[in-house]
């Protein structure tokens, strides 16, 4: 176990982070920001609290380094998903219960465990009065688990991370090196056809059937656009997540609405995919007199990716090897603040954090305390490795 990172202190901080409820949609992340700032000695951090109103806020806190022209950002989001099926939880989702080496609670893995690791790395430097080689920015984004991504958007637009050379995201990767994240498009498709009685179906244009046909034609086009397959993600996907239409059993529906969730690969461009979708809609309307298709974009976020041979990847792997840690790589299949911050800043990035895949576990979310402490040690070592550059 680490000789530098205090395990008991890590546990206490993580438990308090969990007890401060930051559930979407209201989240109240400003309470968490206040608590985190209270952990550091007065005057150590250059704190920028980015207020979003309604007790919501993001934080960019700078620990000054010897070289003030360069900055390493440690990033994460402070909000959590809502609690599902509370009666199925073995412990309170907000108690921070510790048992058998794990801390339980909503947000423990996604991603207050990673936030605790970042805090502990910076606290070690602050409390030992060891100045890091470069500025280190603790970047905590509100609203990161929603489609709006209010915090990262405000931080990028506000210029709070100017001078950043690299970003390390504390997403739960099971201590694997994340070098890519899938992009996403959420789309609502509305079809209007022509109603008639089902006994004379040839007289109508069935809006439900046309939406299903549109979806079945779109799926292979999405998968075949750009790289056919990614080593970490496989193919791009297009999933039908909602379908509504029809008035009664013996009538051909003249209106229907579908929702589509599209997940893209790092070499696929969102606008090109949207153009492909628009072109298919035009094709179907030309081929089917009386059919109208309208597209409504709900969300569009780009993919981001790093080459496995990129300098930041090699340097991070070298730090892990020097500590006797594994260097397995992974990719994130869900959206993160990286799809806002990385394009805005245009800098190298990685994902690396404690915690398992939280999207397979809606109840009893938990994280191993040893992993939180270990990742804090990795963050600290990576910060100090900048002395060699």
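In the numbering used here, the protein residues as written are 22 to 410.
Note that beta-carbon positions come from the ideal geometry of N, C-alpha and C, so glycine has one too.
Since the structure is predicted, the reported quantities are computational estimates derived from the model, not experimental observations.
- prompt: Based on the DSSP output, what are the partners of residue 125 in its beta bridges?
  reply: 387.
query: Expressed to the nearest angstrom, what Euclidean distance is found between the alpha-carbon atoms of residue 99 and residue 185?
result: Their backbone Cα atoms lie some 21 Å apart in a straight line.
- prompt: Roughly how many angstroms lie between the CA atoms of residue 22 and residue 403, to the nearest whole one?
  reply: Annotation note: pLDDT 40 at residue 22 (below 50); position unreliable, coordinate value reported separately. A direct Cα-to-Cα measurement between residue 22 and residue 403 gives close to 18 Å.
query: Per DSSP, what kind of secondary structure is residue 265 in: helix, strand or coil?
result: Assigned with DSSP and collapsed to three states, residue 265 falls in strand.
query: From this set, 64, 103, 65, which residue's C-alpha is nearest residue 42's C-alpha?
result: It is 103 whose Cα lies nearest to the Cα of residue 42.
message: Can you look up residue 353 in the DSSP assignment and give me helix, strand or coil?
response: DSSP, read as helix, strand or coil, puts residue 353 in strand.
message: I'd like to know whether the C-beta atoms of residue 170 and residue 397 end up nearer to each other than 7 Å.
response: Not closer than 7 Å, so no.
query: Between the C-alpha atoms of residue 407 and residue 336, what's the straight-line distance to the nearest angstrom?
result: C-alpha separation (whole angstroms): 10 Å.
query: According to DSSP, is residue 148 helix, strand or coil?
result: The answer is helix: DSSP assigns residue 148 an H, G or I state.
task: May I have a chain-ordered list of the alpha helix (DSSP H) segments no shorter than 4 residues that lie completely inside the segment 200 to 277?
output: As summarised for the segment 200 to 277, the continuous alpha helix (DSSP H) elements at least 4 residues long and confined to that stretch are 228 to 245, given in chain order.
- prompt: Between residue 110 and the rest of its own chain, which residues show a CB-CB distance below 7 Å, the 5 nearest in sequence each way excluded?
  reply: The answer, listed in chain order, is 384, 385.
- prompt: Based on the DSSP secondary-structure assignment, which residues constitute the bridge partners of residue 98?
  reply: Looking at the DSSP assignment, residue 98 forms a beta bridge with 162.
Validate contact between the segment 209 to 225 and the segment 261 to 276 using beta carbons, cut 8 Å, 3 pairs: Note that the segment 209 to 225 touches the segment 261 to 276; at least 3 beta-carbon pairs, one per stretch, sit closer than 8 Å.
message: Distance check for residue 234 and residue 316, CA to CA, integer angstroms please.
response: Just so you know, the alpha carbons of residue 316 and residue 234 end up roughly 15 Å apart.
Residue 280, DSSP secondary structure in three states: Here residue 280 sits in strand by DSSP.
query: So what does residue 185 bridge to, in DSSP terms?
result: In DSSP, residue 185 forms a bridge with 92.
query: Of the choices 287, 342, 304, 86, whose alpha-carbon is the least far from that of residue 456?
result: With the chain covering 22 to 410 only, the question about residue 456 has no answer from this structure.
message: Given a cut-off of 7 Å on the beta-carbon distance, is the pair residue 338 and residue 195 in contact?
response: No. Outside cutoff.
message: Between residue 81 and residue 176, how many whole angstroms is the CB-CB distance? I'm expecting something under 8 Å.
response: That pair is a contact at about 6 Å.
- prompt: For the candidate residues 36, 73, 191, 117, whose alpha-carbon lies nearest to that of residue 353?
  reply: Of 36, 73, 191, 117, the residue nearest in Cα terms is 191.
Through-space distance from residue 83 to residue 368, alpha-carbon basis: Between residue 368 and residue 83, the alpha-carbon positions lie close to 18 Å from each other.
- prompt: residue 335 lies in the beta strand (DSSP E); which residues open and close that run?
  reply: In this chain, residue 335 is not harboured by any beta strand (DSSP E); it is covered by the alpha helix (DSSP H) spanning 332 to 343.
- request: Within the same chain, show all residues whose beta-carbon is closer than 7 Å to that of residue 365, passing over the 5 residues directly before and after it, in chain order.
  value: Excluding sequence neighbours, residue 365 sits near 177.
- prompt: By DSSP, does residue 173 sit in helix, in strand, or in coil?
  reply: DSSP, read as helix, strand or coil, puts residue 173 in helix.
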